[in-house]
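J.: Per the UniProt record's numbering, the sequence shown starts with residue 1, numbered consecutively. Quick reminder that beta carbons are idealized off the backbone N, C-alpha and C, glycines included.
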Amino acid sequence: MVGAGISTPSGIPDFRSPRSGLYSNLQQYDLPYPEAIFELTFFSHNPKPFFTLAKELYLRSYRPNVIHYFLRLLHDKGLLLRLYTQNIDGLERVSGIPASKLVEAHGSFASATCTVCRRPFPGKDIWADVTVDRIPRCPVCTGVVKPDIVFFGEALPQRFLMHVVDFPMADLLLILGTSLEVEPFASLSEAVQSSVPRLLINRDLVGPFAWRPRSRDVVQLGDVVHGVERLVELLGWTEELQDLIQQETEKLNRRDR
Ligand code: CNA
């Protein structure tokens, strides 16, 4: 289970970190209160702040970091049952983890839907407008076209239901870079069997690790990059991970050339 904290080392601010988090830097988006950026009622009245954020994510073409590639290495080794992410930056896909291994619980920019007639569109259709600060509109009914990012109160994607099968099957749960504050995602941390070790690598102690710890919980507090690098070292995978990062970075360099 991962959250915005795994992408801060890529330069994408999270929500709740003091000073650097989006919630402390919302003046630039002109929002009445932070959560408004992902609220449907606010969006229907003023979609601009959300699209400003979308443009920022799109144009800066952020890259995966060592944490994403650690997860990719888990997949390459056949150890990754599934990656449940709250992130909407798409960096798990960019790191090379196949879509079949991913549950993007809060949606993605890969697809979009008209908020009025519900027509579906490929996600890429909105960027020509968004990059020139125009609100994307449905060619048929002129409704605003919203990327399929899950807003507060909206249903999670169907794939989220895979947790019913996945979590009881897991024999280790990694939880990286998340405040575990957003439900129903946060409760997945309690969906593994009680004999299953849960490893939290995060700056602060969060969720059930604080208020209902289990005897097999392991917590590594501090910077998530440091925590993951330490784990990789203990596993003896440091060189292999460096090779993977180099190979994938060269691929991205060729893509961006
Ligand atoms: P959050 O609530 O902002 O929490 C992030 C957590 O990560 C906090 O506990 C931080 O202390 C911790 N953290 C941040 N950076 C580091 C670091 N370098 N080392 C160690 N710990 C760190 O974010 P959540 O993901 O828990 O909240 C869920 C929201 C955030 C989801 O709905 C996301 O869509 C949304 N979000 C996503 C992105 C993204 O896609 N990259 C960015 C911002 C917000």
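For residue 4, is the beta carbon positioned less than 7 angstroms from some heavy atom of ligand 1?
T.: Residue 4: yes, Cβ under 7 angstroms from ligand 1.
J.: Residues bridged to residue 103 by DSSP?
T.: In DSSP, residue 103 forms a bridge with 84.
J.: For the alpha helix (DSSP H) that contains residue 243, what are its first and last residues?
T.: Unbroken alpha helix (DSSP H) run through residue 243: 238-256.
J.: Considering only C-alpha positions, which residue in the set 162, 73, 60 is nearest to residue 236?
T.: Closest option to residue 236, Cα to Cα, is 73.
J.: Just verifying my parser: in three-state terms, what is the DSSP assignment at residue 159?
T.: Reduced to three states, the DSSP call for residue 159 is helix.
J.: Residue 114: buried (16+ other C-beta within 10 angstroms of its C-beta) or exposed?
T.: The residue in question, residue 114, is buried, as its Cβ has 16 or more Cβ neighbours within 10 Å.
J.: Looking only at C-alpha atoms, which of 100, 35, 90 sits nearest to residue 109?
T.: Closest by alpha carbon: 90.
J.: If contacts are defined as beta-carbon pairs under 8 angstroms, then residue 173 and residue 224 qualify, I think. What distance do you get, rounded to the angstrom?
T.: So it is not a contact: roughly 16 angstroms between Cβ atoms.
J.: How about residue 103 and residue 159: are their beta carbons less than 8 angstroms apart?
T.: The answer is yes: Cβ separation under 8 angstroms.
J.: For a test of the three-state rule: what should DSSP assign to residue 52, helix, strand or coil?
T.: Helix, per DSSP.
J.: Heavy atom of ligand 1 less than 7 angstroms from the Cβ of residue 7, yes or no?
T.: Yes, the beta carbon of residue 7 sits closer than 7 angstroms to at least one heavy atom of ligand 1.
J.: Nearest CA to the CA of residue 152: which residue from 97, 229, 20, 38?
T.: Here the closest residue by C-alpha is 38.
J.: Can you tell me the Cβ-Cβ gap for residue 167 and residue 188, rounded? I've got them flagged as a contact below 8 angstroms.
T.: 6 angstroms between Cβ atoms; contact.
J.: Report back the beta-carbon spacing between residue 179 and residue 16 to the nearest angstrom; my notes put them in contact at under 8 angstroms.
T.: Residue 179 to residue 16, Cβ: 5 angstroms. Contact.
J.: CB residue 10 to CB residue 65, shorter than 8 angstroms?
T.: Yes, these two residues count as a Cβ contact at 8 angstroms.
J.: Taking C-alpha atoms, which residue in 69, 44, 144 lies nearest to residue 247?
T.: Cα-wise, what sits closest to residue 247 is 69.
J.: What's the C-alpha gap between residue 238 and residue 232?
T.: Answer to the nearest angstrom: the Cα atoms are 6 angstroms apart.
J.: Would you report the Cα separation of residue 257 and residue 63, rounded to the nearest angstrom?
T.: Their Cα atoms are separated by approximately 14 angstroms.
J.: Could you tell me which whole alpha helix (DSSP H) segments of length 4 or greater appear in the region 125-205?
T.: Complete alpha helix (DSSP H) runs here, min 4: 127-130, 163-169.
J.: Could you tell me the alpha carbon to alpha carbon distance between residue 244 and residue 85, rounded to whole angstroms?
T.: Each residue's Cα considered, the two are about 21 angstroms apart.
J.: List the endpoints of the continuous beta strand (DSSP E) containing residue 218.
T.: Run containing residue 218: 218-221, per the beta strand (DSSP E) assignment.
J.: Measure the beta-carbon distance from residue 126 to residue 147 and round it to whole angstroms, keeping in mind my assumption that it falls under 8 angstroms.
T.: Rounded, the Cβ-Cβ distance is 6 angstroms, consistent with contact.
J.: What's the call for residue 92, buried or exposed, on a 16-neighbour Cβ count within 10 Å?
T.: Burial call: buried.
J.: Closer than 7 angstroms: is that where the CB of residue 86 sits relative to any heavy atom of ligand 1?
T.: Yes, since a heavy atom of ligand 1 falls inside the 7 angstroms radius drawn around the Cβ of residue 86.
J.: State the start and end residues of the unbroken alpha helix (DSSP H) segment that holds residue 42.
T.: 40-45 is the span of the alpha helix (DSSP H), which, as asked, contains residue 42.
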